[in-house]
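Accompanying notes for the structure given below.
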Amino acid sequence: MNNEQIFEKVNQVFRVIFKNESITVNRETTAKDIAGWDSITHLDIITGMEEAFQVEITGFEVMNLNNVGDLLDLLAQKLAE
Amino acid sequence: MQAVLKDIFQTVSVSPNRKALIIASDEWSYAALWNYATAYSKWLNARALPDGKIGIYTDNCKEMYAAILATWLAGRSFIPLNHKFPKERLKSITEESGVVGIFCLESSQANCLEFLPQEALILYNAATMLPNVELSESLASEDLAYTLFTSGSTGIPKGIPIGHRHLQALLEDMKERYPLGENDRVLQAFELSFDVSIACIFTAWVQGATLVVPDLNGITAINAFKAIYDHQVNFVTLPPSALFYLRRLRMLSMPLPWVTKTIFTGEALPYNVALEWKSCAINTSVDNAYGPTEGTVWSLIYALDEHTEEQTINGLCPIGKPTRHVQMRIVDDKGEDVGQNERGELWIGGPQIFHGYVNQPDKSKEVVFQDNQGVYWYKTGDIVLKNDHDQVVYVNRKDNQVQINGFRVELGEVEHHLRGIIKSEAAVVLAHENNGVLELFAFVQGKWDEPSLMNEMRLKVPGYMVPRSIFALEALPVNTSGKVDKTLLRSKYLIR
Chain A
1 MNNEQIFEKV
11 NQVFRVIFKN
21 ESITVNRETT
31 AKDIAGWDSI
41 THLDIITGME
51 EAFQVEITGF
61 EVMNLNNVGD
71 LLDLLAQKLA
81 E
Chain B
82 MQAVLKDIFQ
92 TVSVSPNRKA
102 LIIASDEWSY
112 AALWNYATAY
122 SKWLNARALP
132 DGKIGIYTDN
142 CKEMYAAILA
152 TWLAGRSFIP
162 LNHKFPKERL
172 KSITEESGVV
182 GIFCLESSQA
192 NCLEFLPQEA
202 LILYNAATML
212 PNVELSESLA
222 SEDLAYTLFT
232 SGSTGIPKGI
242 PIGHRHLQAL
252 LEDMKERYPL
262 GENDRVLQAF
272 ELSFDVSIAC
282 IFTAWVQGAT
292 LVVPDLNGIT
302 AINAFKAIYD
312 HQVNFVTLPP
322 SALFYLRRLR
332 MLSMPLPWVT
342 KTIFTGEALP
352 YNVALEWKSC
362 AINTSVDNAY
372 GPTEGTVWSL
382 IYALDEHTEE
392 QTINGLCPIG
402 KPTRHVQMRI
412 VDDKGEDVGQ
422 NERGELWIGG
432 PQIFHGYVNQ
442 PDKSKEVVFQ
452 DNQGVYWYKT
462 GDIVLKNDHD
472 QVVYVNRKDN
482 QVQINGFRVE
492 LGEVEHHLRG
502 IIKSEAAVVL
512 AHENNGVLEL
522 FAFVQGKWDE
532 PSLMNEMRLK
542 VPGYMVPRSI
552 FALEALPVNT
562 SGKVDKTLLR
572 SKYLIR
């Protein structure tokens, strides 16, 4: 899966979680940018990514995610392993 | 000067270089905190705003913490304006309570202009350019310290004014119960609009300890864990639901041996959650702290011990005994005291109890009264009992109030807004627990599009009040008495 495909799939997960088809995230997107992005939706996002990409993400990895860009990098790294 | 400010100033004078505040990789000494607070208060006075309260927009930066002290130094009180709340709600809060100025970062200016004009905004960067204005002196002890807004069943948030005298009564107990000093690091993982933040901030600062604040965006529990780990925090306050996130993301295998005190609060504490936390924070003692905002953060506290397990009801730990200045009664429907082990409503009284809601005299009369000794009492609406160990145990609520992520939510308020959107009474909201986390689910009658209903709700209520799912049904089922059949809705749609 290349970076573009990862990016598209990540956007799909966000649209499902926020029940909003018009959402498009970018590398700089953070919780401050999307209404309703709280602790429980953050966990939904992580769970959604785990299911969509068939990977396991730990809390220690979540700790270091400051924006969507960090998430994209983490997913790319996990898919390459 | 208020006692709380005097206590802080004591540390500023004796140990100015001691760390007062750590936020991410940024920190302030007590001297820096005080200098900024003084500068902001002078700036506030120089603005010559009309009489009224000062809003503090929750930028969750160092400056925000100095602004709290600044409002008090300037002889004012503050109202937290949670940036995560919808604009409509913040607008109603600022109007309802007479906010005349708002402290904020320059980056939040555009948001705050929705509530007040430019000349009423106090920007931190501008405030550091010191005008030469004297501080106002000697506030009376009755002076208002802050006002917090909580969910109201009629759709209007209730403003709860808390005075310095109330806060002082709480802090006297805190200092005695939790003696802290230079080497203690205290976690503050709550939004300023949630009153537990006040207890964390001032329990630390009046004793010269260091306050550690994690990022409050994303998963707060994870960020709190990171802060505990990175800064070796030893005094931790968390809602029990934090453990759900830590467990789910496999973080509880990391030992935190330096944590010596943990307070669980904001929600009922399941005993197994306390045990799970102790498997990670192996050297901690655990307290369960209970209290409505009306009673100034905490009114009863229970210290878990070897007898806790046998005292649980429905797996929940007791809420213990009243704090130093709180009196308590457990009463039946007629207001008569009930006996040991009998269930009744908890009433709390004493100098921590507020005197009534902002602009809601009728609601205030329902729940607050003064006895013939002049003591204020608050009827909590919580059903409790006193067990054989003389510990109070929480049983359930008298009404439709629930705690979501530590926040008090009136189901009636969520229904009120939902009904306003669909312009019909055919809406019902249920709270349902999944894996130890309580969530809201709504049911509406008619062909409604869930995403657009969710978006409209997000414009009206804070995130924690937006239902996790909204089910649009052809018709809401009714039971034999003609009421919406909540049991059926729960079993058909929510039990997985």
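Protein sequence lines correspond, in order, to chains A and B.
Quick note: the first sequence uses the working numbering, first residue 1, plus one each step.
Quick note: the second sequence uses the working numbering, first residue 82, plus one each step.
Just so it is clear, CB atoms sit at the ideal spot from N, CA and C, and this is done for glycine as well.
- Nearest neighbour of residue 557 of chain B by Cα position, chosen from B:494, B:90, B:570, B:230, turns out to be B:570.
- Classified as buried, residue 486 of chain B has 16 or more neighbouring CB atoms from the shown chains inside 10 Å of its CB.
- The beta carbon of residue 546 of chain B sits closer than 6 Å to those of 490, 495, all from its chain and outside the five residues before and after it, given in chain order.
- About 13 Å separates the CB atoms of residue 340 of chain B and residue 355 of chain B; that is not less than 8 Å, and the two are not in contact.
- Comparing C-alpha distances from residue 335 of chain B to each of B:358, B:115, B:318 shows the shortest one belongs to B:358.
- By the rule that beta-carbons nearer than 8 Å mark a contact, residue 531 of chain B touches chain A.
- In its chain, beyond the 5 residues on either side, no residue has a beta carbon closer than 8 Å to the beta carbon of residue 454 of chain B.
- Per the C-alpha coordinates, the member of B:421, B:430, B:393 positioned closest to residue 406 of chain B is B:430.
- Per DSSP, residue 281 of chain B is one residue of the alpha helix (DSSP H) stretching across 277-286.
- With a threshold of 8 Å between beta carbons, residue 255 of chain B makes no contact with chain A.
- In the three-state scheme derived from DSSP, where H, G and I count as helix and E and B as strand, residue 325 of chain B is classed as helix.
- Within the stretch 165-177 of chain B, not one residue has a Cβ closer than 7 Å to any Cβ of chain A.
- Annotated three-state conformation of residue 193 of chain B is helix, per DSSP.
- Annotation for residue 122 of chain B: the continuous alpha helix (DSSP H) segment containing it runs 111-127.
- Residue 99 of chain B sits close to residue 111 of chain B, with the two beta carbons spaced by under 8 Å.
- Secondary structure of residue 31 of chain A (DSSP, three-state): helix.
- Nearest neighbour of residue 262 of chain B by Cα position, chosen from B:513, B:91, B:328, turns out to be B:91.
- Around the beta carbon of residue 497 of chain B, a 10 Å sphere encloses 16 or more other beta carbons of the protein chains shown; the residue is thus reported as buried.
- Listed along chain B are 303, 304, 306, 307, each with a C-beta nearer than 8 Å to that of residue 63 of chain A.
- Chain-order list of chain B residues neighbouring residue 31 of chain A: 298, 299, by C-beta distance under 7 Å.
- Membership of residue 2 of chain A in any alpha helix (DSSP H) is not indicated, and neither H nor E is assigned to it by DSSP.
- Taking C-alpha positions only, residue 389 of chain B is separated from residue 552 of chain B by approximately 40 Å.
- Counting only the Cα atoms, residue 87 of chain B lies some 42 Å from residue 469 of chain B.
- The Cβ atoms of residue 268 of chain B and residue 318 of chain B lie closer than 8 Å to each other.
- In the DSSP assignment, residue 515 of chain B falls within the beta strand (DSSP E) that extends over 508-515.
- When the beta-carbon positions are compared, residue 512 of chain B and residue 499 of chain B stay at least 8 Å from each other.
- Within chain A, the residues 58, 59, 60, 62, 63 have their CB atoms less than 9 Å from the CB of residue 332 of chain B, given in chain order.
- With respect to chain A, the C-beta atom of residue 489 of chain B has no partner C-beta closer than 8 Å.
- Residue contact check for residue 38 of chain A against chain B: a CB pair falls below 8 Å.
- In the three-state reduction of the DSSP assignment, residue 424 of chain B falls in the coil class, being assigned neither a helical nor a strand state.
- Under the three-state reduction of DSSP, residue 237 of chain B is assigned to coil, being neither helix nor strand.
- The beta carbon of residue 20 of chain A lies closer than 6 Å to none in the same chain, with the five residues before and after it left out.
- Under the Cβ criterion of 8 Å, residue 569 of chain B is not counted among the residues facing chain A.
- Sequence-distant Cβ neighbours of residue 84 of chain B in its own chain, meaning closer than 7 Å and more than five residues away, are 249.
- Following the DSSP letters along the chain, one finds residue 161 of chain B inside the beta strand (DSSP E) bounded by residues 159-162.
- Counting only the Cα atoms, residue 278 of chain B lies some 14 Å from residue 296 of chain B.
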